[in-house]
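Visitor:
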Amino acid sequence: MALKTFPKIILCLLLVSNWANGKDKESSLQYDVKEVVTGLNFPWSLAFISDNQFLVTERTGKLRHVVNFTLSKPITGLPEDIYVNGQGGLQDVVLHPNYAQNGWIYLSYSAGTDERNTLKVMRAKLENNHLVDSEVIFTVEPYRSTPVHYGARLAFMDDNSLLISSGDGFDYREDAQRKNNQMGKILRVLDTGETPTDNPYIGETEKNLSAAVYSIGHRNPQGLVYDLNRDLVFSNEHGPAGGDEINIIKRGDNYGWPIVTNGKDYSGAIITPFKKYQGMRQPLVDWTPSIAPSSLAMYNGVMFPQMRGDLLVSTLKSKEILWIQMQGNKVVDQQSFLSELGYRFRDIKVHPDGSLYVLVDNEQGKILRVTSKSG
């Protein structure tokens, strides 16, 4: 496989959002970009097993094992009910924090049919390019009949509980405010799929669907990360036409959708008159117009020391990676890079060596490795 290199010294321009002061700032960032894996069909997520191997999902229903940048044949043993349509298919992949000891791989995927589908989370182990000991540990309820807005990001917390982002299904946005419904939520379960005893809404609703709910009022959250150093959960989510957000997710909090948003309906219609509402949290960052934030990473590597403790956001619509600069829990600046490539970016992950791996969202998808020119 040929590796293409794109040496770059660019000016990173401040993107003005609702938190910014409206003045552009410039900052130089020097990096190289290599295409390290090609031949992927709409890659959605990747998880590093070691320095030289990782797993990558394709939304079209394939899981691949990559060793030394060589793409395996599709891994066998995936569920037969994966529903590939619209935004649905095989989505996130993460490893258990104790993967070296227990071997558990976690996957999210849409399952079902056009008339009845939902988001599921499963876990399995990998042996000889085949999944074994597979089990579905969580199924979002209720089912729906739309192939969009699944959320589908996974993130482990420091107690080994698992966070699941669940989208509102698009046609069901009012359900994001209903605790007896698991759509439009951040959910939290144990690594076995059982309900933690300290979740905020246990026993509050019929059938106890609220037991797994960690926070409410979300539209389509596709970025999710737990920051061990700050002991905080960060999420980003797609708004409608405008109103894309980064939020700090706290247990039992309400993030407003669809009662509060800075966005409008795609038709231009007003969704709500409220940009603030009592008891509902304001976003850390709002992007209006939309950028379509598709994933979120926390940078704690060594290759780009200027990024340590900051957030990285991949985008689909604005076709860039955003570097969200933090001081404590506050955003002080944001800068753009990789926009010169013109790609839709689905996911960004930080390699153990501190380089960045970026998934290009395309039928001829690929993985890019971004390294520092000084590193």
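Note that the sequence shown covers residues -22 to -1, 1 to 353 in mature numbering (1 follows the signal peptide of the UniProt record, and there is no 0).
Just so it is clear, CB atoms sit at the ideal spot from N, CA and C, and this is done for glycine as well.
Kindly list the residues whose CB is nearer than 7 Å to the CB of Glu113, restricted to its own chain and excluding five residues on each side of it in sequence; keep chain order.
Guide: Closer than 7 Å at the Cβ level, and outside the excluded window around Glu113, lie Met100, Arg101.
Visitor: What is the residue span of the beta strand (DSSP E) that Tyr77 lies within?
Guide: Careful: Tyr77 lies outside any beta strand (DSSP E), inside the alpha helix (DSSP H) at 77 to 80.
Visitor: Should Ala247 be labelled buried (16 or more other beta-carbon atoms within 10 Å of its own) or exposed?
Guide: Exposed, since its Cβ has fewer than 16 Cβ neighbours within 10 Å.
Visitor: Where His329 and Leu73 are concerned, what is the direct C-alpha to C-alpha distance, given to the nearest angstrom?
Guide: Taking the straight line joining both Cα atoms gives about 14 Å.
Visitor: Quick check on DSSP: helix, strand or coil for Lys344?
Guide: If DSSP states are grouped into helix, strand and coil, Lys344 belongs with the strands.
Visitor: Under 8 Å: do the stretch 144 to 161 and the stretch 116 to 126 share three or more Cβ pairs, one atom per stretch?
Guide: The stretch 144 to 161 is in contact with the stretch 116 to 126.
Visitor: Please classify Phe252 as buried or exposed, where buried requires at least 16 other C-beta atoms within 10 Å of its C-beta.
Guide: With fewer than 16 Cβ atoms within 10 Å of its Cβ, Phe252 is classed as exposed.
Visitor: Could you give the distance in angstroms between the alpha-carbon of Thr349 and the alpha-carbon of Leu334?
Guide: One C-alpha to the other measures close to 7 Å.
Visitor: Threshold first: 3 residues or longer. Then list the beta strand (DSSP E) segments lying entirely within the stretch 167 to 200, N to C.
Guide: Segments of the beta strand (DSSP E) lying fully in the stretch 167 to 200: 191 to 194.
Visitor: Quick check on the burial criterion: 16 or more other C-beta atoms within 10 angstroms. Buried or exposed for Leu206?
Guide: That one is exposed.
Visitor: Less than 8 Å between CB atoms is the rule here; does Ala275 satisfy it with respect to chain B?
Guide: Absent here is chain B; the protein component of the structure consists of one chain.
Visitor: Drop a sphere of 10 angstroms on the beta-carbon of Asn177, count the other beta-carbons inside from all chains shown, and report buried for 16 or more, exposed for fewer.
Guide: So Asn177 ends up on the buried side.
Visitor: Is it true that the stretch 290 to 310 meets the stretch 257 to 271, where meeting means three or more beta-carbon pairs spaced less than 8 Å apart?
Guide: Yes, they touch.
Visitor: Leaving aside the five residues before and after Thr250 along the sequence, list all residues of the same chain whose C-beta is less than 7 Å from its C-beta, in chain order.
Guide: Around Thr250: Pro236, Ile237, Val238, Thr239.
Visitor: By the DSSP assignment, the beta strand (DSSP E) with His216 in it spans what residues?
Guide: From DSSP, the beta strand (DSSP E) with His216 extends over 210 to 216.
Visitor: Going by DSSP, what residues sit across from Ile269 in a beta bridge?
Guide: DSSP output for Ile269 lists no bridge partner at all.
Visitor: Pull up the CB-CB distance for Asp231 and Arg259, whole angstroms please, since I reckon it's below 8 Å.
Guide: Yes, they are in contact, since the Cβ atoms of Asp231 and Arg259 sit about 5 Å apart, within 8 Å.
Visitor: Could you give the distance in angstroms between the alpha-carbon of Thr16 and the alpha-carbon of Glu184?
Guide: Going by the C-alpha atoms only, they are around 48 Å apart.
Visitor: Less than 6 Å between C-beta atoms, sequence neighbours within five positions excluded: which residues of the same chain meet that for Val336?
Guide: The residues are Phe323, Ile326, Leu346.
Visitor: I need the DSSP call for Arg151, collapsed to helix, strand or coil.
Guide: It is helical.
Visitor: Which residue from Tyr233, Asp209, Lys242 puts its Cα closest to that of Gly221?
Guide: That would be Lys242, whose Cα lies nearest to the Cα of Gly221.
Visitor: Do you know whose CA, among Arg151, Tyr321, Asp264, Ser352, lies nearest Glu13's CA?
Guide: Residue Tyr321 is the option with its Cα nearest to Glu13.
Visitor: Taking all protein chains shown into account, decide if Thr175 is buried (16 or more other Cβ within 10 angstroms of its Cβ) or exposed.
Guide: The residue is exposed, with fewer than 16 neighbouring Cβ atoms inside 10 Å.
Visitor: Which of the three DSSP states is assigned to Ser317 in this structure?
Guide: Here Ser317 sits in helix by DSSP.
Visitor: With Leu262 and Ile224 assumed to form a contact (beta carbons below 8 Å), what rounded beta-carbon distance in angstroms separates them?
Guide: Going by Cβ atoms, the distance from Leu262 to Ile224 rounds to 5 Å, so yes, they are a contact pair.
Visitor: Determine the DSSP secondary structure at Gln260, reduced to helix, strand or coil.
Guide: If DSSP states are grouped into helix, strand and coil, Gln260 belongs with coil.
Visitor: Would you please state the rounded distance, in angstroms, between the beta carbons of Ser193 and Lys163? I believe it to be under 8 Å.
Guide: The pair is a contact, with the Cβ atoms about 7 Å apart (cut-off 8 Å).
Visitor: Please tell me whether Asn80 and Ala89 are closer than 8 Å, where the distance is taken between their beta carbons.
Guide: Result no, Cβ atoms of Asn80 and Ala89 do not sit closer than 8 Å.
Visitor: Taking its Cβ as the centre, do 16 or more other Cβ atoms sit within 10 Å of Val191, making it buried, or is it exposed?
Guide: Buried is the call here.
Visitor: Going straight from the alpha carbon of Leu56 to that of Ile180, what length do you get?
Guide: The straight-line gap from Cα to Cα measures roughly 32 Å.
Visitor: Determine whether the beta carbon atoms of Val71 and Leu33 lie at a separation below 8 Å.
Guide: Taking 8 Å as the Cβ cut-off, Val71 and Leu33 qualify as a contacting pair.
Visitor: With distances taken Cα to Cα, identify the nearest neighbour of Asn76 among Gln313, Asp136, Phe148, Gly234.
Guide: With distances taken between Cα atoms, Asn76 lies closest to Asp136.
Visitor: Can the beta-carbon of Glu298 be found less than 8 Å from the beta-carbon of Leu274?
Guide: No, the Cβ-Cβ distance between Glu298 and Leu274 is not below 8 Å.
Visitor: Give, in chain order, every unbroken run of the beta strand (DSSP E) that is at least 3 residues long and sits entirely within the stretch 42 to 95.
Guide: With a minimum length of 3 residues, the continuous beta strand (DSSP E) runs that stay inside the stretch 42 to 95 are 68 to 73, 83 to 90.
Visitor: Assuming Thr35 and Ser23 make a contact with CB atoms under 8 Å, what is their CB distance in whole Å?
Guide: About 5 Å separates the two Cβ atoms, so the contact holds.
Visitor: Between Ala219, Gly195, Gln200, which lies nearest to Lys228 when the distance is taken from Cα to Cα?
Guide: Of Ala219, Gly195, Gln200, the residue nearest in Cα terms is Gly195.
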